[in-house]
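These notes are about the structure you will find just below.
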Amino acid sequence: MNKDESLDCKGLMCPMPIVKLAKKMKEMQVGKVLELVADDPGSKEDVPAWCSRTGNELAEMRQEGKAFYFYIRKKAA
Amino acid sequence: MAEAKKVVIVVSEGTFDKAMMSLMIGNTAASMGMEVHIFHTFFGLSLLKKGANPKAPGMYRLFTGMFKKRMLAVGVEAYEAQKKMALELGVNMYACSTTMSIMHVKEEELDKGVKLLGAAAFLDIAADSDMQYFIG
Numbered sequence: 001m002n003k004d005e006s007l008d009c010k011g012l013m014c015p016m017p018i019v020k021l022a023k024k025m026k027e028m029q030v031g032k033v034l035e036l037v038a039d040d041p042g043s044k045e046d047v048p049a050w051c052s053r054t055g056n057e058l059a060e061m062r063q064e065g066k067a068f069y070f071y072i073r074k075k076a077a
Numbered sequence: 078m079a080e081a082k083k084v085v086i087v088v089s090e091g092t093f094d095k096a097m098m099s100l101m102i103g104n105t106a107a108s109m110g111m112e113v114h115i116f117h118t119f120f121g122l123s124l125l126k127k128g129a130n131p132k133a134p135g136m137y138r139l140f141t142g143m144f145k146k147r148m149l150a151v152g153v154e155a156y157e158a159q160k161k162m163a164l165e166l167g168v169n170m171y172a173c174s175t176t177m178s179i180m181h182v183k184e185e186e187l188d189k190g191v192k193l194l195g196a197a198a199f200l201d202i203a204a205d206s207d208m209q210y211f212i213g
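Residue numbers (this note's numbering), protein chains in the order written: chain A, 1 to 77; chain B, 78 to 213.
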């Protein structure tokens with residue numbers, strides 16, 4: 001999947017990936033896609049919850065080994 | 078996106094676990110676009126002092142350094158840094174005015190950005206909140 005920005009949160013546990021994700025998305029323009037990589041097992045549920053709560057689109061999600069790759073398209077301003 | 082949810086948290090203990098819990102919930106909620114209000118009362122008030130360094134409770138007190146080190150290893154910084162982050166994220170941090178008087182804490186001892194409240198003002202905020210947590 002195409003990405004405009006990338007954020008590596010490997011090794012970080014809750015709530016840091018979400019706090020960093022929110023901060024990063026704030027700096028991005030609407031329509032741009034962020035690739036977030038996290039290996040906190042909780043992120044599998046946390047990131048989709050953040051997206052639906054904040055009105056952003058989780059365009060794709062996949063798992064490679066212990067790492068989760070999320071592709072989030074910024075929808076909300 | 079739905080209208081921003083309002084979260085209120087009351088913290089009545091000043092130990093490391095309670096302190097971290099309040100800000101992990103608070104900072105996550107703020108990162109999710111929620112409006113967050115944290116009211117510190119009784120022993121929770123000490124957390125709002127400048128340079129607060131809460132210890133683990135009871136006999137675990139001796140292991141505070143180990144807990145901190147393990148949290149830092151997974152990117153979760155110490156309480157002081159979490160508190161700074163909370164204030165930056167726009168989390169409202171309140172000190173109970175009665176507790177300040179009971180514990181002889183002066184306003185200038187507290188972090189910048191902390192607001193002083195009484196019970197009525199806090200209840201006014203809590204009355205139309207969506208989620209309420211008591212950590213104590």
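The beta carbon of each residue, even a glycine, is placed where N, CA and C say it ideally should be.
Treat the numbers as computed from the prediction; the structure is a model and nothing was measured.
Point to revise | Beta-bridge partners of H181 of chain B, as assigned by DSSP | key: Bridge partners of H181 of chain B: none, in fact.
Review point. Closer than 8 angstroms, CB to CB, is G190 of chain B near chain A or not?
Key: Taking CB atoms only, G190 of chain B has no neighbour in chain A less than 8 angstroms away.
**Study point:** chain A within 8 angstroms of S108 of chain B, Cβ atoms only
**Key:** At a cut-off of 8 angstroms between beta carbons, S108 of chain B contacts chain A.
Review point. Applying a beta-carbon distance threshold of less than 9 angstroms, which residues of chain B neighbour G11 of chain A?
Key: The answer, in chain order, is A150, V151 and G152.
Review point. For chain B, is any of its Cβ atoms less than 8 angstroms away from the one on P48 of chain A?
Key: For P48 of chain A, the closest Cβ of chain B is not nearer than 8 angstroms.
Check your understanding: How close, in whole Å, do the beta carbons of L100 of chain B and K160 of chain B come, if the pair is a contact with beta carbons under 8 angstroms?
Key -> For L100 of chain B against K160 of chain B, the beta-carbon gap comes to about 6 angstroms, under 8 angstroms, which counts as contact.
Exercise for review: Within the same chain, show all residues whose beta-carbon is closer than 6 angstroms to that of K3 of chain A, passing over the 5 residues directly before and after it, in chain order.
Suggested key: These residues qualify, in order along the chain: V33 and E35.
Point to revise | Distance CB(M216 of chain B)-CB(T54 of chain A) smaller than 8 angstroms | key: For residue 216 of chain B there is no data in the structure shown, the boundaries of chain B being 78 and 213.
Check your understanding: Bridge partners of R62 of chain A, per DSSP?
Key -> Answer is A:Y69.
Review point. CA-CA distance, C173 of chain B and L125 of chain B?
Key: Taking the straight line from one Cα to the other gives about 11 angstroms.
Check your understanding: In chain B, which residues lie with their C-beta within 9 angstroms of the C-beta of V19 of chain A?
Key -> Those are N104, T105, A107, S108, M162 and L166, listed as they occur along chain B.
Exercise for review: Taking all protein chains shown into account, decide if M97 of chain B is buried (16 or more other Cβ within 10 angstroms of its Cβ) or exposed.
Suggested key: It is buried - the Cβ of M97 of chain B has at least 16 other Cβ atoms within 10 Å.
**Study point:** Beta-carbon separation (whole angstroms), M1 of chain A vs Y71 of chain A, contact threshold 8 angstroms
**Key:** Between M1 of chain A and Y71 of chain A, the beta carbon gap of about 5 angstroms places them in contact (Cβ cut-off 8 angstroms).
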